[in-house]
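Presented below is the structure to which this report refers.
Take a look at the structure:
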């Protein structure tokens, strides 16, 4: 196996996957956008390099499609600052996440079979 | 859910974050209410990101710059947000552009302009019905005597002008109450407007039904006019209620006058 550390994964490589990833981290529980990003970075082992602003249009698309439900909180827990919007998975979102996982597993199997494992 | 500590941001730092948000959101063609929600959420993100940097030992200015840089290119974010704007959002944006912007920030001018538009639209609708009736088009229920229709169009247009004058005056009162932060007064003004409008509508209906005995279709006219007037009154009341409730935070944000910082680049 190569001794070089893996290259970061940026938004271009993630094209089309960010929504499924957001659904996956929200499976842990309700979260606001910044927390979703932290969960993605934690699970990505520090190799994800997202433009943070890109997360929000993805969340809006998911909400528009009924895969997420959002609510606004004013000053939760006495926190000072703007109102906070939190998201949670809907049952439709869970089904879409499962479909996304199956699609990804197929993708990995097919492309991995072509490209082969690293030496 | 994790929480960064409640470190209070310096107002200058928060303003810098707001300018960064505004660079991305202001060019989006969407209703102002939707844009306000996006603004709030992006600002919350930048505040948390900045606080996380400060908790890690960065000074506030460096933490703010890093948070803004991590957000990405504002133009790219504008394009991504714009791609998600719905048809309803674009229609709301068109309304903002065509109706609200020309009136500036004055509720008085906006209310008067809306009353003129609605009066004019109803007058045009009735004139069109009259013309169609002259040529024999439309269902039997629309075959009103054209001269009566034209008189109705004149009345509706006059109503629009009177409503515009009343709306302008009511708008001036509302501007004064808002400047004084008098929310009780604002609610009372809304209820008084709704009550006055309803009385005007009922009075018009009764005058039409009783005051024109020579018109053979006055009963039918009264029902049609009553139906249109009830719809008009209900729509005006609902829109005014929504307007007071939802525009206040929008105008608070827009009143921040970030234009100098935005132009500085």
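Chains as they are written, first to last, in the working numbering: chain A, 1 to 119; chain B, 1001 to 1265. Think of the CB as a built atom: it goes at the ideal place given N, C-alpha and C, for glycine as much as any other residue. For clarity, every value in this text was computed on a predicted model and none was experimentally measured.
Ranked by Cα distance from residue 1017/B, the first of 1182/B, 1167/B and 1049/B is 1049/B.
Residues of the stretch 83–101 of chain A with a C-beta less than 7 Å from any C-beta of chain B: 83, 84 and 85, listed in chain order. Closest in alpha carbon position to residue 1054/B, among 1109/B, 1129/B, 1117/B and 1013/B, is 1013/B.
Residue contact check for residue 52/A against chain B: a CB pair falls below 7 Å.
Rounded to whole angstroms, the separation of the alpha carbons of residue 19/A and residue 117/A is 27 Å. Assigned with DSSP and collapsed to three states, residue 68/A falls in strand.
Neighbours of residue 61/A across chain B, judged by C-beta separation under 7 Å: 1084. Contact with chain A is absent for residue 1019/B, since none of that chain's Cβ atoms lies less than 7 Å from the residue's Cβ. One finds 1041, 1044 and 1045 in chain B with Cβ atoms closer than 8 Å to the Cβ of residue 33/A, taken in chain order. Rounded to the nearest angstrom, the Cβ distance from residue 22/A to residue 50/A is 11 Å, too far for a contact under 8 Å. At a cut-off of 7 Å between beta carbons, residue 118/A makes no contact with chain B.
Cβ contact annotation for residue 1112/B (same chain, cutoff 6 Å, sequence separation greater than five): 1164, 1167 and 1168, in chain order.
Annotation: residue 1022/B has no Cβ neighbours in chain A at a cutoff of 9 Å; minimum Cβ distance is about 13 Å. In this chain, the alpha helix (DSSP H) harbouring residue 43/A covers 33–43. Put simply, the backbone Cα of residue 63/A is about 25 Å away from that of residue 105/A. Between residue 84/A and residue 1044/B, the CB-CB gap stays under 7 Å.
Under the Cβ criterion of 7 Å, residue 1081/B is counted among the residues facing chain A. 7 Å or more divides the Cβ of residue 1120/B from the Cβ of residue 1170/B.
Contact check for residue 53/A against residue 1077/B passes: the beta carbons are separated by less than 7 Å.
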